[in-house]
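If you read the sequence shown in this note's numbering, its first letter stands for residue 903, the second for the next number, and so on.
From the three backbone atoms N, C-alpha and C, an ideal C-beta is built for every residue, glycine too.
Report on the structure given below.
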Amino acid sequence: MIKVGVVTASDKGSRGLREDKSAPVIKEMVGQIDGKVVEYVIVPDEQAEIEKTLVSFSDDLRLDLVFTTGGTGMSPRDVTPEATLNVVDRLVPGIPEAMRARSLEITSRAMLSRAAAGIRGQTLIINLPGSPKAVRECLEVILPALKHGIEILRGEAGECGRS
């Protein structure tokens, strides 16, 4: 089983003023890769709080995969990518590139996404958009490759090349 964490970055959501509709999509879809959401939290759009949560999910809880949802746009309060970049050791640029490429087929606004992805220790952290529709579209693109990526991080698999 892949242990998954979800961090929703939302000022309104953290105050109970907006229902989080993206996290349920993540919870539903990670089952496709034998994943289970074991930790979930809504935090305000505060970089320090997002960073603290990502570090805890990675270092203390030792989750395999952490998805953030929200905070990847161009608003001054959208700081999820900065928080992610501050805590990861290595980048995985292909993941957000693939999400943006797929999303650009649907809307030109996809180019405004600042989502990032990277590795902290043995945890893969991926920024997803805040809309449930966009979360679903992005996960459809990246989920097929994530199980293998997690297996490599865990030391359970080797080569990525195919014969």
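Buried versus exposed call for residue i [16 or more other C-beta atoms within 10 Å across all chains shown]
{"i": "S1010", "result": "exposed"}
{"i": "G937", "result": "buried"}
{"i": "P998", "result": "buried"}
{"i": "E1039", "result": "buried"}
DSSP three-state assignment for residue i, whether helix, strand or coil
{"i": "V939", "result": "strand"}
{"i": "T974", "result": "coil"}
{"i": "A1019", "result": "strand"}
{"i": "A911", "result": "strand"}
{"i": "K905", "result": "strand"}
{"i": "R992", "result": "strand"}
{"i": "I1008", "result": "coil"}
{"i": "L1014", "result": "helix"}
{"i": "L967", "result": "strand"}
Residue i - containing alpha helix (DSSP H), residue span
{"i": "T955", "result": "949-957"}
{"i": "M931", "result": "924-931"}
{"i": "E921", "result": "Run containing E921: none; DSSP gives neither H nor E here."}
{"i": "A1047", "result": "1034-1056"}
Residues sharing a beta bridge with residue i, DSSP
{"i": "T1025", "result": "R1022"}
{"i": "I944", "result": "T910"}
Whole-Å CB distance - residue i paired with residue j, under 8 Å assumed
{"i": "V943", "j": "V990", "result": "Not a contact, Cβ separation roughly 19 Å."}
{"i": "S916", "j": "V945", "result": "6 Å"}
{"i": "V906", "j": "D966", "result": "7 Å"}
{"i": "G1020", "j": "T970", "result": "Their Cβ separation, rounded to whole angstroms, is 11 Å, which puts G1020 and T970 out of contact at 8 Å."}
Contact with chain D by residue i, beta-carbon distance below 9 Å
{"i": "D947", "result": "Any reference to chain D falls outside this structure, which holds one protein chain only."}
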